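Everything on this sheet refers to the single structure shown next.
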Amino acid sequence: MLRKIFVATTVITFSALIGVGSAFAATHEVLMLNKNPDDKKQRNVFYPNILKIEVGDTVKFISKSKGHNTESYKKTLPDGAEMWKSKISKDFEITYTAEGTYAYKCTPHAGMGMVGLILVGDHTVNYDAVKSAKYRGKAKKVFPKLFEKVEAMYTE
Ligand SMILES: [Cu+2]
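Residues 134 to 289 in my numbering are what the sequence shown lists, from first letter to last.
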């Protein structure tokens, strides 16, 4: 009984600290690669291409292979979120302060399917908008696979 109360208190304290942007905020890495390490036939990928994080967390896009960048799809950004576009072949870091689903692409390779999703906190706030948006080229084929994976992550 006592232990249960202790655990509950810890959880509340932790959440409160996250709320003020504490040292608990995590940093995640997404590699920009010429080849998918899990499937060498798949070229030009973000790895991982689905990332689930908390509000206040930072994502570092690492330019592991040259020739790539990261750019948000503007139209479907969550409320209060800012777009981003990094320089080709450069590392890039961004902290997510607005909850929701972020679709992004590599500017030169979006048409070849180099796209990804970042889910921040409650990803459902704009998920339907991201899902129903129109994507061009091979991105049109890749996104449905990503949405399928996201939905599988939330089904028990
Ligand atoms: Cu690329």
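Even for Gly, the Cβ is constructed at its ideal location relative to N, Cα and C.
This one's a predicted model, so the numbers in the text were calculated from it and none came from an experiment.
Sequence-distant residues of its chain with Cβ nearer than 7 angstroms to residue i (five each side left out)
i           : result
residue 216 : 205, 207, 210
residue 259 : 209, 211, 233, 234
Beta-carbon contacts of residue i that lie in its chain and below 8 angstroms, excluding the five residues immediately before and after
i           : result
residue 190 : 158, 159, 160, 161, 228, 229, 253
residue 269 : 243, 244
residue 279 : 182, 183, 248, 249, 250
residue 222 : 196, 199, 200, 201, 202
Residue from the options whose Cα sits closest to the Cα of residue i
i           : options            : result
residue 213 : 226, 231, 225      : 231
residue 170 : 192, 193, 244, 197 : 197
residue 282 : 264, 268, 269, 271 : 264
residue 224 : 273, 168, 203      : 203
residue 287 : 257, 222, 200, 218 : 257
residue 201 : 226, 241, 168      : 241
residue 193 : 226, 172, 220      : 226
residue 261 : 275, 272, 284      : 284
Close-in-space but distant-in-sequence residues of the same chain around residue i (CB under 6 angstroms, 5 per side omitted)
i           : result
residue 147 : Model confidence at residue 147 stands at a pLDDT of 48, short of 50, so the residue's coordinates are unreliable; what they give is reported in the following sentence. Contacts found: none.
residue 134 : Below a pLDDT of 50, predicted positions are generally treated as unreliable, and residue 134, at 47, falls in that range; the measurement from the model is reported next regardless. Excluding sequence neighbours, residue 134 sits near nothing in its chain.
residue 166 : 178, 180, 197, 198
residue 164 : 180, 195, 197
residue 238 : 204, 248
residue 150 : Because the pLDDT of residue 150 is 48, which lies under 50, any placement of that residue in the model is unreliable, and the question is left without a value.
Bounding residues of the alpha helix (DSSP H) (the contiguous stretch that carries residue i)
i           : result
residue 245 : Looking at the DSSP string, residue 245 is not in any alpha helix (DSSP H), and its letter there is neither H nor E.
residue 258 : Here residue 258 belongs to no alpha helix (DSSP H), and DSSP marks it neither H nor E.
residue 276 : 272 to 286
Range covered by the beta strand (DSSP E) that runs through residue i
i           : result
residue 163 : 160 to 169
For the region 169 to 188 and the region 235 to 255, state whether three or more C-beta atom pairs, one from each stretch, are separated by less than 8 angstroms.
-> With the cut-off at 8 angstroms, the region 169 to 188 and the region 235 to 255 touch.
**Prompt:** Which ranges does the beta strand (DSSP E) cover as unbroken runs of at least 3 residues, wholly within the region 176 to 236, from first to last along the chain?
**Reply:** Every unbroken stretch of the beta strand (DSSP E) spanning 3 or more residues and falling wholly within the region 176 to 236 is given here in chain order: 183 to 186, 191 to 195, 225 to 228.
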